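Report on one structure; see the data block that follows.
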Amino acid sequence: MESLAEVRARIDGVDDELVRLLAERQRLVRAAAAFKADEQAVRAPDRVEQVVALARRRATAAGLAPEVAEAVWRSMIAAFIDLELEEHATERPPGRAGRRPM
123 MESLAEVRAR IDGVDDELVR LLAERQRLVR AAAAFKADEQ AVRAPDRVEQ VVALARRRAT
183 AAGLAPEVAE AVWRSMIAAF IDLELEEHAT ERPPGRAGRR PM
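See below:
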């Protein structure tokens, strides 16, 4: 790398790709939400731990500090859970479980 500006430009490129990937993940999270009947299904603590453990293993294999991967994944998952819960609250009247109408 020739300069700080070049490094920053490459970081910006990586960030662009991360945003694109996060948008795709959000679409998939919303699709999965249609199959979840209640808040417990959205929170899915066992699934969260499974996803975090997998992220740590993948991070290690890719040369990323697993602690960094875990922190990022836990934050990302929490944000998507909040989004799902908000959507559940607005799309399903209280006491109505099951799939959302299409």
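For reference, each letter of the sequence shown is one residue, going 123 to 224 in the numbering used here.
The C-beta atom is built at its ideal place from N, Cα and C for all residues, glycine as well.
Note that this is a predicted model, so its numbers are computed, not measured.
Alpha helix (DSSP H) segment containing residue i, residue limits
i	result
M198	P188 to E213
G135	L126 to A155
A175	P167 to A184
C-alpha distance - residue i paired with residue j, whole-angstrom precision
i	j	result
A154	T212	16 Å
G220	D204	Confidence in G220 is poor, its pLDDT being 49 and thus under 50, which makes the residue's placement unreliable; the coordinate value appears in the next sentence. Rounded to whole angstroms, G220 to D204 spans 19 Å at the Cα level.
Buried or exposed by the 16-neighbour rule on C-beta atoms within 10 Å, applied to residue i
i	result
F157	exposed
V141	exposed
Whether residue i touches residue j by CB criterion (8 Å)
i	j	result
I133	V170	no
V164	H210	yes
Own chain residues within Cβ distance below 8 Å of residue i, not counting five before or after
i	result
L144	M198
Beta-carbon proximity list for residue i, same chain, < 7 Å, skipping 5 on both sides
i	result
P188	R178, A181 and T182
V174	E192, W195 and R196
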